[in-house]
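In this note's numbering, the protein residues as written are 705 to 1019.
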Ligand code: ACO
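Structural data, given as structure tokens:
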């Protein structure tokens, strides 16, 4: 006991849509290659919108849907690798923008695409320790800022956006039973920072990440099911990090998950890293496909190399 449930979710993506055909005008690629290899058809990229504005809009929607006021929030975590400034953190900027209480922990968390999952677990620990009732966890990225527009193997994959969840802690709630880990590798996926004076691009060995992901996702599912004593049939919905449709398809096939129990929106957003899972959650809640009592298994992986899974219920 001592756990969190998700009460409300929200998302915000930039207005500008970039299609595969748009990208084919700047790098040697095609709509056909991108769709068949990744499932991505378009993604949203910031033009005027800032990282802070995406975070604030997603968080406001989550608060509204949860029926929770900013003054009730007991902690704020923003999972991101693309905040506008390292200091102040995106979470501190959000505290100011939303008028969150002053006496709560607010900080950014870097676990690449697993950031939202690690953020949920961290928030559960924080709220359990403080016995505050509500927490705000945001995943937000402006990845278009750190892409190498001459590298066709990476620039086609990523999109910008933010997703947010307001969670409720109660000593009667089950823990989300997060299973988190790292297979340390500093070469497969890199975004150098300070060492390059701040001007750096994301590089990735896609094949190696793919291989890692197809092992990590089932490992996350198995661990969470084992820890919670649940079976695939006990889970109402499976939410996967949206990095490649083929990775999701392989997991779905392995566990014989029926189509009404999982969701893909990678065709619309590409890989939004830490924002991908909360964006899915907010679409599912908006569509009424997850509601109070729904038990959702989250599975993600990313740079680090990080991996994580959790079973979270909606309040
Ligand atoms: N358009 C056309 N051709 C391309 C493109 C492109 N955009 N990109 C690569 N190619 C070419 C390659 O040059 C290669 O050509 P060659 O055979 O002549 O050398 C060929 O296509 C095959 O390339 P592969 O890299 O082997 O393609 P693959 O089928 O592995 O697909 C992809 C690449 C889509 C990147 C895949 O490996 C993948 O999805 N990996 C996982 C990536 C991922 O999940 N990243 C997110 C990590 S999370 C985070 O924290 C950011």
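Glycine residues also receive a C-beta, built at the ideal position from the N, C-alpha and C atoms.
Check, Outcome
"With H, G and I counted as helix, E and B as strand and the rest as coil, what does DSSP make of residue 724?", "helix"
"DSSP three-state label for residue 945, please.", "coil"
"Would residue 767 and residue 712 be called neighbours here (beta carbons separated by less than 8 Å)?", "yes"
"Whole angstroms are fine: how far does the CA of residue 753 sit from the CA of residue 797?", "15 Å"
"Hey, quick one: how far does the beta strand (DSSP E) through residue 748 stretch, first residue to last?", "746-748"
"Pairs of beta-carbons, one from the region 773-788 and one from the region 814-821, closer than 8 Å: are there three or more?", "yes"
"According to DSSP, residue 1005 sits in a beta bridge with which residue or residues?", "1011"
"Check residue 769 in the structure and name its three-state DSSP category.", "helix"
"Counting only the same chain and skipping the five closest in sequence on each side, list residues whose C-beta sits under 7 Å from that of residue 734.", "728"
"Look at the Cβ atom of residue 861, then the Cβ atom of residue 742, and state whether they are nearer than 8 Å.", "yes"
"With a cut-off of 8 Å on the beta carbons, I'd call residue 747 and residue 974 a contact; round off their distance for me.", "3 Å"
"Excluding the five sequence neighbours on either side, which residues of its own chain have a C-beta within less than 7 Å of the C-beta of residue 720, listed in chain order?", "748, 749 and 751"
"Let me know if residue 730 comes out buried or exposed under the rule of 16 or more other beta-carbons within 10 Å of its beta-carbon.", "exposed"
"Check whether the Cβ atoms of residue 1001 and residue 988 lie closer than 8 Å to each other.", "no"
"Quick check on this structure: which residue in 919, 873 and 961 has the alpha carbon closest to the alpha carbon of residue 1019?", "873"
"Tell me which residues share the same chain as residue 723 and place their Cβ nearer than 6 Å to its Cβ, disregarding the 5 neighbours each side in the sequence.", "746"
"Using a 10 Å radius around the Cβ and a threshold of 16 neighbouring Cβ atoms, would you call residue 991 buried or exposed?", "exposed"
"Comparing alpha-carbon positions, which option in 941, 764, 1017 and 1004 lies nearest residue 842?", "764"
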